[in-house]
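Under this note's numbering, the sequence shown has 17 at position 8, and the numbering climbs by one with no breaks.
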Amino acid sequence: MTSDLPYVDTHQTTVDASRERVWAALLRYVDTSLGARKAVPLAWVLGTKPQSGFESIDEIPELQLTLAGRHRFAKYQLIFDLTDTADGQTVLSAHTYSAFPGPHGRIYRLLVISSHAHVLATTQLLHTISRQATR
């Protein structure tokens, strides 16, 4: 796991499912939520590229998925890692890297990262994937 962007944070959850099931749930979530081609008002305001906000730029099946995107105020990557536990569970980790250039980028970082909105969104994302994997 590497990125040319500055490290922001890592969040993880342990899922009571095999790595194969978690990987499938992750791909479904990315396809239907993060990578969806639907236009949303926030994407238009931010000027996201791609329009959905994320695109897959690297994949090691059942081990790692790297998503990337950019908008007017930031360039970012979200790297998911899956690791097995000794008792058959899977640890799903989400590593965030991002650059926030210029004064508007610094304000955006304050609004999203420093306010903990990013923490809440990432935690919710991991829990949603976990629920989907254990169904």
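From the three backbone atoms N, C-alpha and C, an ideal C-beta is built for every residue, glycine too.
For leucine 135, there is no enclosing beta strand (DSSP E); the enclosing alpha helix (DSSP H) covers residues 126–142.
The criterion of a C-beta distance shorter than 8 angstroms is not satisfied by leucine 72 and serine 61. For leucine 36, the uninterrupted alpha helix (DSSP H) segment begins and ends at 28–38. Under the three-state reduction of DSSP, leucine 14 is assigned to coil, being neither helix nor strand. With at least 16 other beta carbons inside 10 angstroms of its own, leucine 74 counts as buried. Bounds of the alpha helix (DSSP H) holding glycine 111 are 111–118. Going by beta carbons, leucine 76 and serine 65 fall inside the 8 angstroms limit.
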